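Asks:
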Amino acid sequence: MMQLSQNQTKRLTAVHGWGGVVLGLLLYVVVATGTVAVFGQEIAKWSAGASSSRGIDHPIDAIVRDLATKLPRFYLAETSIWENEAGELVAFFHSHVPKPETGENADFGTLFRIDPVSAVVLDRHEGFIWERPDTWETSALRHFLVELHVRLHLPDPWGLLATGILALLLMATALSGLLMHRHLIRDLFVAERSRARLVSARDRHLLASSWSLPFAVVLAFTGSFFSFASTVSLPILAQVAFGGDREAMMETLYEPAAPADDRPAVAADLDSILTRSTEATGGPPVFVSIHGFGRADARVSVWHAAGGGRMGFAHAVFDGADGRFLGVRPGIGISRSLGSDLNDLMWPLHVGDFAGLASKCLWGALGTTICFVILSGLRLWVRRREIDPAWRRFGRAVTTVGYGLPVALIGSACAAFLSATAGDPFFWTPVGFSVAALAGIALGAAVPENDRLALAFRRTLAWSCLLLPIVRMAGGGRSWAEALANGDAEVIAIDLLALATGGTLRLLVRRSPDRRDAAAQLPEPAE
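Our numbering numbers the first residue of the sequence shown as 9 and each following residue consecutively.
1. Could you compute how far the alpha carbon of residue 387 sits from the alpha carbon of residue 33?
2. Please state the DSSP three-state secondary structure of residue 303.
3. From the DSSP output, which residues share a beta bridge with residue 315?
4. Does DSSP put residue 331 in a helix, a strand or coil?
5. Use the C-beta contact count for residue 146: other C-beta atoms within 10 angstroms, 16 or more gives buried, fewer gives exposed.
6. Taking the CB atoms as reference points, tell me whether residue 441 and residue 416 lie closer together than 8 angstroms.
7. Quick check on residue 533: buried or exposed, where buried means 16 or more other Cβ atoms within 10 Å of its Cβ?
8. Just to confirm before moving on: does the CB-CB distance between residue 51 and residue 149 stay below 8 angstroms?
9. Enumerate in chain order the residues of its own chain whose CB-to-CB distance from residue 527 is below 6 angstroms, with the five nearest sequence positions on each side excluded.
10. Taking residue 66 as part of the alpha helix (DSSP H), name the residues at either end of that continuous run.
11. Quick one: residues in its chain with C-beta nearer than 6 angstroms to the C-beta of residue 69, no 5 flanking neighbours on either side, listed in chain order?
12. Hey, which unbroken runs of the alpha helix (DSSP H) at 4 residues or more fall wholly within the segment 438-468?
13. Around the C-beta of residue 461, are 16 or more other C-beta atoms found within 10 angstroms, so that it is buried, or is it exposed?
14. May I ask which residues mark the beginning and end of the beta strand (DSSP E) holding residue 129?
15. In terms of residues, what are the limits of the beta strand (DSSP E) holding residue 99?
16. Taking the DSSP output, what are the residues bridged to residue 117?
17. Could you give the first and the last residue of the continuous beta strand (DSSP E) run that contains residue 345?
18. For residue 498, collect the residues of the same chain with a Cβ closer than 6 angstroms to its Cβ; drop the 5 residues on either side in sequence, then sort them by chain order.
19. Over the uninterrupted alpha helix (DSSP H) stretch that includes residue 41, give me the two end residues.
20. Report yes if the CB atom of residue 291 is closer than 8 angstroms to the CB atom of residue 324, and no otherwise.
21. Helix, strand or coil: which one does DSSP assign to residue 326?
22. Using the Cβ count rule (16 or more neighbours within 10 Å means buried), how would you classify residue 301?
23. What residue range is occupied by the uninterrupted alpha helix (DSSP H) comprising residue 399?
24. Between which two residues does the beta strand (DSSP E) holding residue 90 run?
25. Identify every residue that forms a DSSP beta bridge with residue 337.
26. Please state if the CB of residue 419 and the CB of residue 450 are separated by a distance shorter than 8 angstroms.
27. Identify whether residue 309 lies in helix, strand or coil by the three-state DSSP scheme.
28. Just curious, the alpha helix (DSSP H) that residue 256 is in, first and last residue?
29. From residue 238 to residue 358, what does the alpha carbon distance come to, in whole angstroms?
30. Compute the Euclidean distance between the alpha carbons of residue 472 and residue 510, then round it to the nearest angstrom.
31. So, with DSSP's three-state summary, where would you put residue 295?
32. Are there three or more Cβ pairs, one per stretch, closer than 8 angstroms when the segment 31-48 is compared with the segment 366-377?
33. Given a threshold of 16 other Cβ atoms within 10 Å of its Cβ, counted over all protein chains shown, does residue 5 qualify as buried or as exposed?
34. Check the DSSP bridge columns for residue 272 and list the partner residues they point to.
35. Within the continuous alpha helix (DSSP H) that includes residue 486, where are the two ends?
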């Protein structure tokens, strides 16, 4: 590795350590919730009791055509179609209307939820639909987790800016840690030394950080890319290149160029388009967008999940009037380029869905490792300064957040399950999280010794995990027999994971020595 002077090493250590101390707990929240959100689709099926593959696998042409004839032409400017985890076909006919509060254009229209087999309309909503997640989101729990990871539930644009800054912090700590490693290859295979508590903790931190370093850099870069794209990069681009006209910018970047022709025309057969699009891309169709339905200049865009040797989504474009195949377009721009190829890699590299469940499990394991690296690094920093009462209090805060966040997430899941049939889960899910989080904070404040506090949290987390499947079924969720009959492997798998986690924690609690006198121990040297 790079040879650094003593002063350079001290400065890097300060950046590495103080960066983690100042924002490390928030970074842990973002990484931990992101690790859970990787399995968002599986969590939606588990929490909603649904079993759809989320691909559009039913005929849709007759349904969409019939609904379009019943709507004003104004609503046919844009049409979005997808199938949710409950197996419902969702069709959103809309145009762009200024919002009364801000004056900015937003999608306004009518959303239908349809049974794709019987073509019966199950629900209908009108207005600014994206502001009301209960109208289009299947799982309140999945929605809460994703929003917590992406925005920390802060208003736009502050939430995205906050998570973008935290992603840059992850990048800074990863790179500074890389430069500080004097023997990176050796550290990949370091054996834990049990002769001293601090040395053993340092070895575990080194081992985990060494193996997760490349993933941390990828995660940080892609995360900051998504956070700053809509809050910084695109607004600057719109102002500089398009005179502030964001709609013109979006059409240039994402929509195929087509001469305007508003003459009425018979729309092309959507089922035929989906069949040909699947043949061209190799992956299942997951989203359809129609620009100008029933017009001579209509365009149909079909997005497909990873397949056919691709890591990311494929975007196929068709003429919406005569059904001609216009080609496979990149995610951004009209023609393929190095920039569009890199852009297309950002999503699969961030969420790890490029190889199905296998890559998601790998991303989940690496995300869990980064969570351990963050918490173990904070504990190392505190242990070297635990003579100071202020640092001991900070150590209790690390323990409270480290264990309290999983407990709070389980609290949100329990609230979602129990309110699914008799309340509003989109209201009660964040309430459940807040109540569990406040209970964890109260426990952290009540127990003065860090080791006893950790033991209490382990017991709480163990019982929370063990009770979670019972609460899910008590709230009306599918039993294992029903899940097996319907092929819902996600329901059983997540229940088993919760039970295994709870059982493992119970064993660790039983084997934990009584450390009530640990707070009186003197700090041990790192070397």
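Positions of the beta carbon are idealized from the N, C-alpha and C atoms, including for glycine. What you are looking at is a predicted structure, and each value in this text was computed from that prediction instead of being measured.
Replies: Put simply:
1. Locating residue 387 in the sequence shown gives position 379, where the first residue counts as 1. Locating residue 33 in the sequence shown gives position 25, where the first residue counts as 1. Counting only the Cα atoms, residue 33 lies some 11 angstroms from residue 387.
2. Position 295 of the sequence shown, counting from 1, holds the residue named residue 303. DSSP places residue 303 within a strand segment (E or B) once states are collapsed to three.
3. By 1-based counting over the sequence shown, the position of residue 315 is 307. Residue pairing from DSSP leaves residue 315 without any beta-bridge partner.
4. Locating residue 331 in the sequence shown gives position 323, where the first residue counts as 1. DSSP places residue 331 in coil when its eight states are reduced to three.
5. Start at 1 with the first residue of the sequence shown, and residue 146 comes out as number 138. The residue in question, residue 146, is buried, as its Cβ has 16 or more Cβ neighbours within 10 Å.
6. Taking the sequence shown and counting its residues from 1, one reaches residue 441 at position 433. Taking the sequence shown and counting its residues from 1, one reaches residue 416 at position 408. Less than 8 angstroms separates the beta-carbon of residue 441 from that of residue 416.
7. Position 525 of the sequence shown, counting from 1, holds the residue named residue 533. With a pLDDT of 40 at residue 533, under the threshold of 50, the predicted position of this residue should be treated as unreliable, and no value is reported.
8. Position 43 of the sequence shown holds residue 51. Position 141 of the sequence shown holds residue 149. A contact, by the Cβ cut-off of 8 angstroms.
9. For this step, residue 527 is matched to residue 519 along the sequence shown. Because residue 527 carries a pLDDT of 40, less than 50, the predicted location of this residue cannot be relied on, and the following value inherits that uncertainty. Hits under 6 angstroms: 457.
10. For this step, residue 66 is matched to residue 58 along the sequence shown. Careful: residue 66 lies outside any alpha helix (DSSP H) and carries neither H nor E.
11. In the sequence shown, counting from the first residue as 1, residue 69 sits at position 61. Answer for residue 69: 277, 278, 279, listed in chain order.
12. The alpha helix (DSSP H) runs of length 4 or more contained entirely in the segment 438-468 do not exist; there are none.
13. For the purposes of this step, residue 461 is identified with residue 453 of the sequence shown, where counting begins at 1. Label assigned to residue 461: buried.
14. Along the sequence shown, one-based indexing puts residue 129 at 121. The continuous beta strand (DSSP E) containing residue 129 extends over residues 129-135.
15. Position 91 of the sequence shown, counted from the first residue, corresponds to residue 99. Per DSSP, residue 99 belongs to the beta strand (DSSP E) from 97-106.
16. The residue you call residue 117 lines up with position 109 of the sequence shown. Beta-bridge pairing links residue 117 to 102, 135.
17. On the sequence shown, position 337 is the one that residue 345 refers to. In the DSSP assignment, residue 345 falls outside any beta strand (DSSP E), carrying neither H nor E.
18. The residue labelled residue 498 in the question sits at position 490 within the sequence shown. Here the set comprises 50, 53, 54.
19. Residue numbering aside, residue 41 sits at position 33 when the sequence shown is read from its first letter. 14-45 is the extent of the alpha helix (DSSP H) around residue 41.
20. Taking the sequence shown and counting its residues from 1, the one referred to as residue 291 is at position 283. Taking the sequence shown and counting its residues from 1, the one referred to as residue 324 is at position 316. Contact: no.
21. As a first step, residue 326 is located in the sequence shown; it is residue number 318 there, counting from the start. If DSSP states are grouped into helix, strand and coil, residue 326 belongs with the strands.
22. If you number the sequence shown from 1, residue 301 lands on position 293. Answer is buried; the Cβ neighbour count reaches 16.
23. Within the sequence shown, numbered from 1, the residue matching residue 399 stands at position 391. Segment 397-426, the alpha helix (DSSP H) holding residue 399.
24. Sequence index remark: in the sequence shown, residue 90 carries index 82 (1-based). Counting along the chain, the beta strand (DSSP E) containing residue 90 begins and ends at 86-91.
25. Within the sequence shown, numbered from 1, the residue matching residue 337 stands at position 329. The secondary-structure analysis by DSSP pairs residue 337 across a beta bridge with 323.
26. Counted from its first residue, the sequence shown places residue 450 at position 442. Counted from its first residue, the sequence shown places residue 419 at position 411. The answer is no: Cβ separation not under 8 angstroms.
27. Position 301 of the sequence shown holds residue 309. DSSP places residue 309 in the strand class (E or B) of the three-state scheme.
28. As a first step, residue 256 is located in the sequence shown; it is residue number 248 there, counting from the start. From DSSP, the alpha helix (DSSP H) with residue 256 extends over 254-262.
29. In the sequence shown, counting from the first residue as 1, residue 238 sits at position 230. In the sequence shown, counting from the first residue as 1, residue 358 sits at position 350. Near 16 angstroms, if we compare the C-alpha coordinates of residue 358 and residue 238.
30. Numbered from its first residue, the sequence shown carries residue 472 at position 464. Numbered from its first residue, the sequence shown carries residue 510 at position 502. Whole-angstrom Cα-Cα distance: 7 angstroms.
31. For this step, residue 295 is matched to residue 287 along the sequence shown. It is a strand residue.
32. Flag = yes, the segment 31-48 and the segment 366-377 touch.
33. What the structure shows of the chain is the stretch from 9 to 535, and residue 5 is not part of that stretch, so it cannot be assessed.
34. Translated into the one-based positions of the sequence shown, residue 272 becomes position 264. In the DSSP secondary-structure assignment, residue 272 is bridged to 303.
35. Reading the sequence shown from its first residue, position 478 is the one you call residue 486. It is not in any alpha helix (DSSP H) - residue 486 carries neither H nor E in the DSSP assignment.
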